[in-house]
Every structure is written in C-alpha cells, then in structure tokens.
C-alpha cells in the first residue's frame, strides 16, 4: 500500500503530461521557439556542486526539449548557449562550457535521431571568437546536416543581438557603397537576410520565447526576430536543469491562448466595423458591385 501511495505523484504527473500533450497537439503550434536556458549555475550552487555540474545537467534537458519540440511539430528551435557577455566569465568555466558544447555537437553528428528527424543544425553568433576545436565541430555538424530541413536546431553561441544587427548593417552599407544595392531598395527583408546564419536563408520570426530561472527579460536575444513579430513570452521559475515537459507544454499553451485572443480581437473589430459602416453603406457597396458586373 505504501509503495502505491509513493507512486501517486508520478502517476498524476504522467496523466497531466498526456492531457497537456493532447491539448497542445490539437491546436496550432508555434513554428519557431526560442529559449533562454537560464539557471544552470544557480542550480549547481543550490545543490552544493561545481558550476560545470549545472551546465552538464542543463545539456541533458536541452536534449529532452529537442525531442519534445520535434514531437509536437515545431520547425525551428533556437537555444541560447553562450552570449557575448558570457566571455567575461572565468576562463576555467568558459573552457569547460566550450568543451561541453563541442562534445554535444559531435554527439549530434553520430546520433541516429539526428538523421531520423532530418534535423539541420546551425550555430549563430561571432563564431570566430570561439576555440578552434569548437569551430571545427560546428563546421562538421553544419556540413553533415546541411541536406536536412525537417527540424532546425539553431544554437546561439558567442551571440549578441545588437552585435548581430550591427554586422548586418555593415554588410548592407558595404553593398550600397559598392553599388550592389540601392538605399531605396532596403526593406525589412533586406535586413533579415543579412542576419545570422550568414550565407543561409533568414530565420523566421520567433513565435514564442521561453526563459527559465525566474528572470523576466530577454537579455539581448534575437531582438529583431522576436520583437518584430511581437512573439508570445513565457517566463518560469525552474532553473534550466529542472525544466520539465509540462513546463514546455504550458509555454506552448500560452502561445496558443494568445493566438486565440488575437483571432477573437480581429473578429470583434471586423464586427464593429460592419456595424459602424451601416446598412446604407453596405447596400451602396453591393449595388456598386452589381453595376460593375
């Protein structure tokens, strides 16, 4: 009897997870999800462990999230692995984190799930600032997965949102100066096409941004792609190594709720417009249409 009682929380969790999964899959899912994986270091400190322990546990959760996102039909998953500001951390921590990222890229290359999912991998950021061994791993994983496009994993490493926009503006300015582009022809699409990843199709706008660890800010992450689309945001308290599938599913549900509210707002505005237009104006439009036909 005691063993049954101990299993009840796990049974309830699994049941709730299945319910959420069914609900989420029954509605439109976001095409592009971006995640700020915050809290690895605080998680390690909470348990009295060294920082690298938190990063390692966080990497395991990242693998889980890739599976969850792919399973529900997300097409693009962007994860914030290392920011330009993170270069200010201690050398030992940076070295261990770079090595962990390198190992994970190498594992992706040989993991059969990569090829079953037809997962394409891109790294975005100032890649030249990274250690040579990590740069080689990035080059290899991008090459091996270059023919895939069913599910896209984008890893932001040595990434800063403002720096991304600066480099795009510089490239566009160089083209204008060389006479390859006219200032009058510069559009939002022009800027998007010069953002990371370089030499590839522009990333679609972010539909949902998730941040763990309790902070409610986006930390210079994908400012053009996220703010331009007014994406949904989901901030939650668990540190990244504690992030569960139900947390992920709840974030998707937040996006779906927002989409419903937008559609309802559009419908209500259309109804108000027709009411304001009045019957006379509607009849005039109808007669005008008949006369033209």
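Numbering (the numbering used here), first residue to last: 983 to 1275. Just so it is clear, CB atoms sit at the ideal spot from N, CA and C, and this is done for glycine as well. The structure displayed is predicted, hence computed values, not measured ones.
Helix, strand or coil at residue i according to DSSP, with G and I counted as helix
i, result
"residue 994", "helix"
"residue 1016", "strand"
"residue 1002", "helix"
"residue 1176", "coil"
"residue 1203", "coil"
"residue 986", "Legend: pLDDT at residue 986 = 46, less than 50; position of this residue unreliable, no value from coordinates given."
"residue 1127", "coil"
"residue 1105", "strand"
"residue 1168", "coil"
"residue 1069", "helix"
"residue 1080", "helix"
"residue 1231", "helix"
"residue 1116", "helix"
"residue 1208", "helix"
"residue 1245", "helix"
"residue 1110", "helix"
"residue 1187", "coil"
"residue 1146", "helix"
"residue 1086", "helix"
"residue 1007", "helix"
"residue 1075", "helix"
"residue 1162", "coil"
Element boundaries [beta strand (DSSP E), containing residue i]
i, result
"residue 1355", "Residue numbering for the chain in the displayed model covers 983 to 1275; residue 1355 lies beyond these limits and cannot be assessed."
"residue 1026", "Looking at the DSSP string, residue 1026 is not in any beta strand (DSSP E); the run it does join, the alpha helix (DSSP H), is 1022-1028."
"residue 1221", "Looking at the DSSP string, residue 1221 is not in any beta strand (DSSP E), and its letter there is neither H nor E."
Within 9 Å, strictly: CB atoms of residue i and residue j
i, j, result
"residue 1062", "residue 1141", "yes"
"residue 1221", "residue 1193", "no"
"residue 1022", "residue 1036", "yes"
"residue 1185", "residue 1106", "yes"
"residue 1103", "residue 1096", "yes"
"residue 1050", "residue 1147", "no"
"residue 1198", "residue 1025", "no"
"residue 1015", "residue 1233", "yes"
"residue 1099", "residue 1122", "no"
"residue 1034", "residue 1082", "yes"
"residue 1241", "residue 1009", "yes"
"residue 1179", "residue 1136", "yes"
"residue 1188", "residue 1044", "no"
"residue 1203", "residue 1161", "no"
"residue 1080", "residue 1125", "no"
"residue 1176", "residue 1158", "no"
"residue 1235", "residue 1005", "yes"
Residue range of the alpha helix (DSSP H) that includes residue i
i, result
"residue 1096", "1094-1099"
"residue 1193", "Segment 1190-1193 is the beta strand (DSSP E) holding residue 1193; no alpha helix (DSSP H) there."
"residue 1035", "1033-1054"
Residues bridged to residue i (per DSSP)
i, result
"residue 1321", "Absent from the model: residue 1321. The displayed extent of the chain is 983 to 1275, so no value can be given."
"residue 1216", "1192"
"residue 1059", "1015, 1135"
"residue 1064", "1139"
(message) Three or more C-beta pairs under 8 Å: does that hold for the region 1161-1170 against the region 1090-1105?
(response) They do not touch, by the three-pair rule.
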